[in-house]
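Structure first, then comments.
Residue numbers (the working numbering): 644 to 858.
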């Protein structure tokens, strides 16, 4: 199988020097991209460990919250629970910024969820069940965990996309670009050596002809 080369390159010493410079840059770029890929993969798995625990905590707290809500509905009735829910004011503030991980911009979510007392929630003690209070507290806790989980999962998604992109670039340099540059350099060097031999033979023939003419 013929080795692939870069087409349209003139076999001159100037082009040979340019190609050797491109080869050096490609090899250096390949090395840097491999380092970036490895660092991203390490960061990815570090965060992946976090997401497992974060998702488990969110699911557990939500499950408990729904269990308390169901118990409150049984004791109080659906209408009373809905009425109590309507009296509660929202108290969530979310600020989204970003940070860089190996050049990848990932979200940083700063959320403020007030930890409220029974009085702060605004519904009457006399008409509600303690299970509703527990449900409200656990839903508030769940909301904080879900926001944290969203930040982590979005970061994982962005890192995974960048890892895949970096892998493709590493493979393209390693298996396509660098071999083509190396093959083209060898091809030009062989062609230049061949041209030197041809010139040497031509000059020798000219010299022989000139010496023959002098005799």
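The C-beta atom is built at its ideal place from N, Cα and C for all residues, glycine as well. Predicted model, so just to flag it, every value in this text is computed and none were measured.
Straight-line gap, residue 749 to residue 793 (C-alpha atoms, nearest Å)
11 Å
Please specify which runs of the alpha helix (DSSP H), each continuous and at least 4 residues long, are wholly inside the region 767–850, giving them in chain order.
773–815
With C-beta atoms as the reference, is residue 751 less than 8 Å away from residue 740?
yes
Taking all protein chains shown into account, decide if residue 785 is buried (16 or more other Cβ within 10 angstroms of its Cβ) or exposed.
buried
Tell me the DSSP bridge mates of residue 740?
751
Residues near residue 825 by beta carbon distance below 8 Å, same chain, minus five either side:
666
Contacting residues, own chain, Cβ-Cβ under 8 Å from residue 672 (five flanking each side not counted)
816
Out of 798, 818 and 840, which one is the CA nearest neighbour of residue 742?
798
Where residue 686 falls, given that 16 or more other Cβ within 10 Å makes a residue buried
buried
Suppose contacts are defined by Cβ-Cβ distances below 8 Å. Is residue 789 in contact with residue 708 by that definition?
no
Can you give me the C-alpha to C-alpha distance between residue 695 and residue 674, rounded to a whole angstrom?
32 Å
How far does the alpha helix (DSSP H) with residue 713 in it reach, from first residue to last?
656–719
When the Cβ atoms of the region 709–721 are set against those of the region 832–841, are three or more pairs found closer than 8 Å?
no
Check whether the Cβ atoms of residue 802 and residue 683 lie closer than 8 Å to each other.
yes
Quick one: Cα of residue 718 to Cα of residue 735, how far?
29 Å
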